[in-house]
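Participant:
Right, here's the structure in full:
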């Protein structure tokens, strides 16, 4: 029997895996659905006989688009409604961007798997008619008189932008932008109506949605806790599901993100607090994780690193 046949026989004969259908909770955006399909594809590698159904659920963060995240103030903006469905057993698992998942989960909820991390960096995306101004030197772009209006809804990105400002480029403006990735890019390219010159976005989301070609430059600054990683949430008392998810775990990513999340929990940070991190594994060691963090004031004038 070939390797695939051996693997199929192994899992079909496993008495711990009895389910034939998994109902997967997901937000509705294109990025959320792509990420959910990515997780389902991984599960199919280990459980090829299993059927999957996606249940789309709107969250508070998806519904409230006329205010910046910091003005809404809640910590479970993109998770609460999904977790309510999970706890009522109307879905079996939830696929999250791990950066959206609060460090304190509801009772009976747990992270069952953290998958291999995509590039965790932020990227600058110029509107299409300015793409010829792309440069690997972000500081020089900050001084460019044609790149004045930056779109972002992240307090961490805003604070780091403000920290980089000098007397030479104090004319830049930062304008809130909400909505899914496609909507944001459409607004960026409609300059006459919306006024954006560029956006700061997660590199991972751009890559997953097929927009890697829109990246003007990657930013060498502190990214969000767990940015670029996907997590699968399940009920903590669902032993079978926890076993079922185990093959999806990427140990290095899980260690990085766990360390970052513990740090953020100790600092009592959330979406509204400008906290950034950088995790690195020194090239001469696979067992030592280097974790840097930066906490900034909202105006970027003060920071601790």
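Numbering (full-length UniProt numbering), first residue to last: 1 to 305. No residue lacks a Cβ here, since even glycine has one placed at the ideal position from N, Cα and C. These numbers were taken from a predicted model, which means no experiment stands behind them.
1) Taking the alpha-carbon positions, what's the residue 100 to residue 143 distance?
2) Taking DSSP as the reference, what is the three-state secondary structure of residue 53?
3) Give a yes or no on whether 8 Å exceeds the smallest Cβ distance from residue 259 to chain D.
4) So for residue 202, helix, strand or coil by DSSP?
5) Can you say whether residue 254 is buried or exposed, counting buried as having 16 or more other CB atoms within 10 angstroms of its CB?
6) Would you kindly check if the distance between the Cβ of residue 218 and the Cβ of residue 123 is under 8 Å?
7) Taking the C-alpha atoms as reference points, what is the distance between residue 299 and residue 35?
8) Quick one: measure Cβ to Cβ for residue 152 and residue 177, integer angstroms, because I've assumed they're closer than 8 Å.
9) Beta strand (DSSP E) containing residue 278: first to last residue?
10) Can you grab the Cα-Cα spacing for the pair residue 171 / residue 138, in whole Å?
11) Can you have a look at residue 212 and say buried or exposed, based on whether 16 or more other CB atoms are within 10 angstroms of its CB?
12) Round the Cβ separation of residue 179 and residue 223 to the nearest angstrom and send it over; I've been treating them as touching at under 8 Å.
13) Just the Cα atoms here: how many angstroms apart are residue 265 and residue 104?
14) To which residues of the same chain is residue 40 closer than 6 Å at the C-beta, ignoring the five residues directly before and after it?
15) Alpha carbon to alpha carbon, how far is residue 26 from residue 56? Give it in angstroms, no decimals.
16) When the Cα atoms are used, what is the spatial distance from residue 165 to residue 231?
17) In whole angstroms, give me the CA-to-CA distance for residue 240 and residue 234.
18) For residue 83 and residue 146, what's the separation of their Cα atoms in angstroms?
19) Once the 5 residues before and after residue 150 are set aside, which same chain residues still bring their CB inside 8 Å of it?
Facilitator: Reading off the structure:
1) 32 Å
2) strand
3) Absent here is chain D; the protein component of the structure consists of one chain.
4) strand
5) buried
6) yes
7) 33 Å
8) 7 Å
9) 275-280
10) 16 Å
11) exposed
12) Not confirmed; about 21 Å, so no contact.
13) 8 Å
14) 52
15) 5 Å
16) 35 Å
17) 10 Å
18) 44 Å
19) 161, 172, 173, 174, 175, 196, 197, 198, 199 and 200
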